[in-house]
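Visitor: In the numbering used here, the protein residues as written are 21 to 364.
Virtual Cβ for every residue (Gly too), placed ideally from N, Cα, C.
In this text the structure is predicted, and so the values were computed from the model without any measurement.
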């Protein structure tokens, strides 16, 4: 009997330990990831960058927490705990991954356009349609279209931007049928459903959140294989890598240059999350320079969080904390980054 009891106790302890170590809970942990050379991802006209030094892509590592890692995270200063709902917005893991993949594709397209335009190369943007980011549960299209689809026509008509589609749907009475043409996996499909009154607005729509989707047209062959990396925050650094190769300017001068920030077609640099973790990763990778978005904190944000800091302010604070020699450089545009590299 004693041997049996010992066996049960041992087994119980092992089960508890296994649960603590391996059972995922609905919380994600964000922590410093790594800084890697963009050279391994980007080619321009079939060639990688041959200049000395590297432009570096910096990312935040994200993993699902277990009870043990969740408790351990409270002992670490630069690990944030994010609920599954906050992280994914209620999307499934597959939908969330697809959204992150779209953000990266959009970042690559914007980076290409900015780099080509500033390098004086021929370039244009072709509007494809609206990218489906989520579908409301109450939408009549809930099980007809899905995250990752691209809507190209409403009742047989194509529009030049998301506003055009939204205005077209707003003119249709709620409850009326509408035909949507969409692309999925390279093939065209049609779905018919009823419009609805959108929550918190008097407008009519089909109950989706959306983003513009466009394609860059150019004679230059720019390839960016970003498989496994999602999100929009690599936009600035991708544009610098592409521009450096297209213009044949030696912006690096033998230096390893890291940074972060979204980029739009006008070359404006947008804010990102987790910049403290990215500064730590870039410093560990021995980067000499780190570009940080320097957009002022809005009054609305300040109202709800009086202690809110800009990306640049947070980056400087982290750099001082870890005693890095890496130079934190504020940027608001693509030109700011290029001008700094050319003059320093």
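#1: In the DSSP output, what is residue 199 paired with across the bridge?
#2: What residue ranges within the region 93-167 form continuous alpha helix (DSSP H) runs of no fewer than 4 residues, ordered along the chain?
#3: Please work out which residues of its chain come closer than 6 Å, Cβ to Cβ, to residue 69, disregarding the five sequence neighbours upstream and downstream, and give them in chain order.
#4: Out of 43, 259, 311, which one is the CA nearest neighbour of residue 287?
#5: Given residue 99, which residues of its chain have a CB within under 6 Å of its CB, disregarding the five upstream and five downstream residues?
#6: Leaving out five residues on either side along the sequence, give the residues of the same chain with a beta carbon under 6 Å from the beta carbon of residue 241.
#7: If contacts are defined as beta-carbon pairs under 8 Å, then residue 152 and residue 218 qualify, I think. What distance do you get, rounded to the angstrom?
#8: Can you tell me whether residue 300 is buried or exposed, with buried defined as 16 or more other CB within 10 angstroms of its CB?
#9: By alpha-carbon positions, which one of 353, 46, 309 ends up nearest to residue 344?
#10: Ignoring anything shorter than 4 residues or poking outside the region 302-357, list the alpha helix (DSSP H) runs there in chain order.
#11: Within 10 angstroms of its Cβ, does residue 160 collect 16 or more other Cβ (buried), or is it exposed?
#12: Hey, how far is the Cα of residue 227 from the Cα of residue 216?
#13: Return the Cβ separation of residue 121 and residue 281 in integer angstroms, given the expectation that the two are a contact with Cβ distance under 8 Å.
#14: Taking the alpha carbon of residue 277 as the point to measure from, which residue in 82, 304, 284 has its own alpha carbon closest?
#15: Which same chain residues, not among the five before or five after residue 155, have their C-beta less than 8 Å away from its C-beta?
#16: Pull up the distance between the alpha-carbon of residue 71 and that of residue 257, whole angstroms please.
#17: Smallest Cα separation from residue 75: which of 61, 101, 356?
Guide: Put simply:
#1: Note: residue 199 sits in a beta bridge opposite 212.
#2: Within the region 93-167, the complete alpha helix (DSSP H) segments of 4 residues or longer fall at 104-108, 113-138, listed in chain order.
#3: Closer than 6 Å at Cβ, skipping near neighbours: 59, 265.
#4: Per the C-alpha coordinates, the member of 43, 259, 311 positioned closest to residue 287 is 259.
#5: Excluding positions up to five away in sequence, the list reads 49, 51, 93.
#6: Cβ within range, chain order: 65.
#7: Not quite, the Cβ-Cβ distance comes to about 15 Å (not below 8 Å), so this is no contact.
#8: So residue 300 ends up on the buried side.
#9: Per the Cα distances, 309.
#10: DSSP runs (the alpha helix (DSSP H)) wholly in the region 302-357: 319-324, 331-342.
#11: The residue in question, residue 160, is buried, as its Cβ has 16 or more Cβ neighbours within 10 Å.
#12: Each residue's alpha carbon lies about 7 Å from the other.
#13: About 19 Å; that fails the 8 Å criterion.
#14: Answer by Cα proximity: 304.
#15: Excluding residues within five positions, the ones whose Cβ falls inside 8 Å are 161, 162, 165, 166, 167, 227, 228.
#16: About 16 Å.
#17: It is 61.
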